[in-house]
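Engineer: In our numbering, the protein residues as written are 870 to 962.
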């Protein structure tokens, strides 16, 4: 879920979400997917989805909640903005 946008992002606003079901993005439940944001998450998502703790990955203080951000530095360096994502792992039915 998008927790915060620092600067301007043409894709995301707070509250938007990308829902992963196992190793797939749920197009029914997800906002648009920015490849820059996705690239920032990919190295951590595989391990997080497989059950590695966010604490062990160094992205959170709780096992099932982590934080990542897109690589856009925002003003004054770019006209975009940094998007902070909250990753929440929920049990699959």
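By construction, the Cβ of each residue, glycine as well, lies at the ideal position given by its N, Cα and C atoms.
Is there contact here, the region 893-905 with the region 921-933, by at least three beta-carbon pairs under 8 Å?
Structural biologist: The region 893-905 is not in contact with the region 921-933.
Engineer: Can you check DSSP and say which residues form a bridge with residue 952?
Structural biologist: One-based indexing of the chain shown puts residue 952 at position 83. Bridge partners of residue 952: 874.
Engineer: Between residue 943 and residue 884, how many whole angstroms is the CB-CB distance? I'm expecting something under 8 Å.
Structural biologist: What you label residue 943 is simply residue 74 of the chain shown in a count that begins at 1. What you label residue 884 is simply residue 15 of the chain shown in a count that begins at 1. At roughly 19 Å, the Cβ-Cβ gap does not stay under 8 Å, so residue 943 and residue 884 are not in contact.
Engineer: Can you grab the Cα-Cα spacing for the pair residue 949 / residue 939, in whole Å?
Structural biologist: What you label residue 949 is simply residue 80 of the chain shown in a count that begins at 1. What you label residue 939 is simply residue 70 of the chain shown in a count that begins at 1. Looking at the two C-alpha atoms, the distance is approximately 11 Å.
Engineer: Roughly how many angstroms lie between the CA atoms of residue 894 and residue 887, to the nearest whole one?
Structural biologist: Stepping through the chain shown from its first residue, residue 894 is reached at position 25. Stepping through the chain shown from its first residue, residue 887 is reached at position 18. Answer to the nearest angstrom: the Cα atoms are 7 Å apart.
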